[in-house]
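There are 2 protein chains.
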Amino acid sequence: MATTNSSDVTRPEPQALKSAIEALAARFGNRLVTSQAVREQHAHTTTWLPTQPPDAVVMAQETPDIQDVVRICAKHRVPVIAFGTGTSLEGQVNAPAGGVCIDLRDMNKVLAVHAEDLDCVIQPGVTRKALNEHLRDQGLFFPIDPGADASLGGMTSTRASGTNAVRYGTMRENVLALKVVRGDGEIITTGTRAKKSAAGYDLTHLFIGAEGTLGIISELTIRLRGIPETIAAAACSFETVRGACQATIMAIQTGIPVARIELLNAAQVKACNSYSKLSLPETPLLLLEFHGSEVEVAEQSKNFRDIAAECGGGEFTWTTKPEDRTRLWQARHDAYWSVKALRPGAGVVATDVCVPISRLADCVTETEDDLARLDLLSPIVGHVGDGNFHCSLVCDIDNKDEMARGEEFMHRLVERAQSMGGTCTGEHGIGQGKQKYLKAELGPEALDAMRALKRALDPQNIFNPGKIVPAA
Amino acid sequence: MATTNSSDVTRPEPQALKSAIEALAARFGNRLVTSQAVREQHAHTTTWLPTQPPDAVVMAQETPDIQDVVRICAKHRVPVIAFGTGTSLEGQVNAPAGGVCIDLRDMNKVLAVHAEDLDCVIQPGVTRKALNEHLRDQGLFFPIDPGADASLGGMTSTRASGTNAVRYGTMRENVLALKVVRGDGEIITTGTRAKKSAAGYDLTHLFIGAEGTLGIISELTIRLRGIPETIAAAACSFETVRGACQATIMAIQTGIPVARIELLNAAQVKACNSYSKLSLPETPLLLLEFHGSEVEVAEQSKNFRDIAAECGGGEFTWTTKPEDRTRLWQARHDAYWSVKALRPGAGVVATDVCVPISRLADCVTETEDDLARLDLLSPIVGHVGDGNFHCSLVCDIDNKDEMARGEEFMHRLVERAQSMGGTCTGEHGIGQGKQKYLKAELGPEALDAMRALKRALDPQNIFNPGKIVPAA
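One line per chain: the protein sequences are A and B, in this order.
Under our numbering, the first residue of the first sequence is numbered 1, with each subsequent residue one higher.
Under our numbering, the first residue of the second sequence is numbered 1001, with each subsequent residue one higher.
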């Protein structure tokens, strides 16, 4: 199982690989690493896809390092794979054809903060937590929060989003411009610091979500926001998933600018009660966050409370005190660990889909029914304001029968989402794991177009081969 | 002057053109039009670029019409130019190599409205006013307002924006998915109705702003919003452009979700006073609109009033009554006509640039100085929340000396914006008029990438040739 759809990748000739690694060693000295442990660590994927390590890892420190790695690899036709923090979920950093991994974690400088313009210029290895730490004194923050402390280069490359996206958008809405190292080592500049532009093809968005298959991002200009004056957290239980989804739809439709709105299904609440010693009603739970002035946040909360009551919500709790907010959101913060604790030693496979919000209740409910039918354990957490939800499938990787049912479940989940007008992934990306679903979602013509773009910008197929676009 | 940079376009062979038009006549009957008046009307550009009419116009009614036009034109290697309402400003609908114009105005059906999902599916010829008329009963609206009653297909293709963009984004943020007829007449589907997706290359954004050079948009899925409960309009005069810009920066930075914030410079206010019989102080004026609940709108207005006072603003007027709002915004609504009236018979050339907001005051002030130095008349209106502003240059097209100064002015305007980290166009697009500025803005590598994309998706160069990407 867990095929990687990498039939269009071929390993470089051994002599070519040897020559490339010699050239890299001469250029980078001990910043070129070929030990097995380090190579495996750089292909580690938080999924059930098998690890496919690169042949070597280069620790990049500055843009010329990336340029030289790409030039050397291009000369010898050796694959180049960009690596941020390794928190992608669909095999994005695997090296099915071997090649050279560029580790960008040391390219972690914030190059400029333009507070008046609400933007900053950073290197790709800056993580979101490090950036927000850097920005805090200036009253600014970067709103995209995928959970993991991922690098901004990686978040851009996978078009990441997360809990805040319902208000602030995803990486798609928050990257202004990129510098990208192309196949000959030269640098493409995709845009300016202007908030908007109608100047030519949108190269910025072409590289956002390209998973490093069209070039290596060496610099980013991203949008920032002012830290809100007041943050309120709220929680409300519902008898059914449908009630929680209906409340979400009404909140969005009436324009409440909710900053986060997360659904935990009954199974997830139960797992959290057990792990975090909480006593929440074991029914679907919505957790919310509101950002704004004191007056705005109070009004948003009041409006949502009315909507929740109308949709069969139970007690509505809310607070603006930081320590109480943390307590109220405890279940969400511990969600991952609570799932891990359900069956110690078993694996947890995270997968995501996204549907039009009107179909969300149907999609979650049918998914719960399917889990029961297949006798599988998978709590569900959703960024429901966007129609996006995750299943955390608890699976014993050595149990063939369970894994087969798990694979059937994931196939059916994607088909269900697509049949409802949705997508096979809202935020985890295609990588290797979801290539097989692209054609059903967009049709063969879209795949033709993607293949044509790949050939146009990476004619040698050296950038992260075997990802996104399945072999023709 | 007004060169069109179309050196890479060649007219089709006369025999090929004749064969194509015969085939189109057989297929479309009297929906194929070749009269000079209709052809010229379809190349009419609201700019000083010379009109370059197509050889024929086809009135499309359904998607298969577009497919057949493209197939016939591709077979004979004849250019195809999509036409919405002809309100583009940089020669986007000119036909420098002749060819066939597809007029999409009869493809004006709203195919589906999904109120719960806040999206709708439309044909490309639907105009924004017709769409908003259609949506009103459901309490929904489409927020992008470029001024003209443009078609949504055209607005997508030029990545249009306008006064509401500061709150709701541009077409870039409001198109979910497209169907696009490619060179062999088949249809590319670029996305789903899911609010967000990480599924492969972002084909949607590649076609947004491509000005019809990569294919013809045959269907759009776009985002809608709920009509706000309350709309407030406000006005405030400032002694200097700098004061008005500083107030704008502070409003954005403190997170006031202003829906529109428009600057009229002193010359524009003077023109409006004269044309609309107003008695506004002839100094820079900010006009604002706030959307939200009654409480929110009141608080936003109050917060902005405090900021304006801090930045040297004069009397702050605001209202939520529809008739008073219209009166307060009178100057803005009449801006175009007030400029036309400044010198009856003369032309008005509209041009736009966009800079990081911190540089806006510098850019507008230096531009005003340049106008004085060159003895030119050009009121300025700005979507200042985005750092975007327009010059409406009043020019006698038969006066060679004045036109030469006008051209010098526009060159210097673009260079100024680019030197401040901005773009040569925030919302009008590249078309023919601004091709010469792309290289200075993004560098030769970005142009290489754009050329590669054009070749990849339109290898025959039949889609709107001679636009966006200058000849190599």
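C-beta: ideal position from N, C-alpha, C; glycine also.
All values reported here derive from a predicted model rather than from experimental measurement.
Query: Could you check the C-alpha separation between B/L1104 and A/M420 for me, to the nearest Å?; Result: 30 Å
Query: Answer yes or no: does any C-beta atom of chain A fall closer than 8 Å to that of B/Y1201?; Result: yes
Query: Can you confirm whether A/K400, when its beta carbon is compared against all beta carbons of chain B, has any partner nearer than 8 Å?; Result: no
Query: If contact is defined by three or more beta carbon pairs under 8 Å, each pair taking one atom from either stretch, is the stretch 1388-1396 of chain B in contact with the stretch 1343-1356 of chain B?; Result: yes
Query: Could you work out which residues of chain A lie near B/E1427, taking near to mean beta carbons separated by less than 9 Å?; Result: K196, S197 and A198
Query: What number of angstroms, rounded off, separates the C-alpha of B/H1383 from the C-alpha of A/E186?; Result: 35 Å
Query: Counting C-beta neighbours from all protein chains within 10 Å, is the total for B/R1159 16 or more, i.e. buried, or is it exposed?; Result: buried
Query: Buried or exposed for B/A1150, going by 16 or more other Cβ atoms inside 10 Å?; Result: buried
Query: Run through the DSSP bridge pairs and tell me what B/R1260 is partnered with.; Result: B/E1289
Query: Assuming A/T204 is part of the beta strand (DSSP E), what are its boundary residues?; Result: Not the beta strand (DSSP E): A/T204 falls in the alpha helix (DSSP H), residues L203 to F207.
Query: Since B/I1397 contacts A/G200 with CB under 8 Å, what's their CB separation in whole angstroms?; Result: Contact flag wrong, Cβ pair sits at about 28 Å.
Query: Can you tell me where the alpha helix (DSSP H) with B/M1059 in it begins and where it stops?; Result: No alpha helix (DSSP H) holds B/M1059; the beta strand (DSSP E) holding it covers A1056 to M1059.
Query: Please state whether the Cβ-Cβ distance between A/A177 and A/T190 is less than 8 Å.; Result: yes
Query: Taking B/G1387 as the query, report the chain A residues whose CB atoms sit under 7 Å from its CB, ordered along the chain.; Result: A194 and K195
Query: What runs of the alpha helix (DSSP H), each 4 residues or longer, lie entirely inside the stretch 1345-1393 of chain B?; Result: 1360-1373
Query: Give me, in chain order, the residues of the same chain whose beta-carbon lies closer than 7 Å to that of A/Q67; leave out the 5 immediate sequence neighbours on both sides.; Result: V181 and G185
Query: So, is the C-beta of A/A165 closer than 8 Å to a C-beta in chain B?; Result: yes
Query: If I follow the unbroken beta strand (DSSP E) through A/S230, where does it start and stop?; Result: It should be pointed out that residue 230 of chain A corresponds to Thr in this sequence rather than to Ser. A/T230 -> beta strand (DSSP E) spans T230 to F238.
Query: Might you give, ordered along the chain, the residues of its own chain that have their beta carbon closer than 6 Å to the beta carbon of B/H1428, omitting 5 neighbours on each side?; Result: L1089, E1090 and D1352
Query: Suppose the cutoff is 8 Å on Cβ atoms and the five residues either side in sequence are ignored; what does the same chain contact list for B/N1005 look like?; Result: Low confidence applies to B/N1005: its pLDDT is 44, below 50, so where it sits in the model is not reliable, and the reading given next is rough at best. Here the set comprises Q1432, Q1435, K1436, G1466, P1470 and A1471.
Query: Could you pull out every residue in the same chain whose Cβ sits closer than 8 Å to the Cβ of B/A1476, ignoring the five residues on either side in sequence?; Result: This structure gives no information on residue 1476 of chain B, because the portion of chain B shown stretches from 1001 to 1472.
Query: Let me know if B/A1372 comes out buried or exposed under the rule of 16 or more other beta-carbons within 10 Å of its beta-carbon.; Result: exposed
Query: Short of 8 Å Cβ to Cβ, which residues in the stretch 234-254 of chain A face chain B?; Result: I249, I252, Q253 and T254
Query: Judging by CA-CA distance, which residue of B/Q1418, B/H1291 and B/T1010 is the nearest neighbour of B/A1095?; Result: B/T1010
Query: Restricting to Cα atoms, I'd like to know which of B/L1287, B/E1282 and B/R1225 is closest to B/A1247.; Result: B/L1287
Query: Per DSSP, what are the beta-bridge partners of A/F83 in this structure?; Result: A/D103
Query: Give me the DSSP bridge partner(s) of B/E1219.; Result: B/K1179
Query: Excluding the 5 residues preceding and the 5 following B/V1364 in the sequence, name in chain order all residues of the same chain whose CB lies nearer than 8 Å to its CB.; Result: V1241, C1245, L1263, N1265, I1380, G1382 and F1389
Query: Measure from the alpha carbon of A/L32 to the alpha carbon of each residue in A/P14, A/A16 and A/D65, then state which is nearest.; Result: A/D65
Query: Which residues in chain A sit within 7 Å of B/H1114, going by Cβ to Cβ distance?; Result: P356 and S358
Query: B/Q1253: which of A/I188, A/G154 and A/L224 sits nearest, CA to CA?; Result: A/L224
Query: Would you say A/M450 lies against chain B (beta-carbon separation less than 8 Å)?; Result: yes
Query: Express the C-alpha separation of A/T367 and B/I1256 in angstroms, rounding to a whole number.; Result: 40 Å
Query: Could you work out which residue in B/T1127, B/K1129 and B/A1115 is closest to B/G1139 when comparing CA atoms only?; Result: B/A1115
Query: Could you pull the start and end residues of the beta strand (DSSP E) that A/D119 belongs to?; Result: D119 to I122
Query: Could you tell me which residues DSSP pairs with A/T192 in its beta bridges?; Result: Paired residues: none, contrary to the question.
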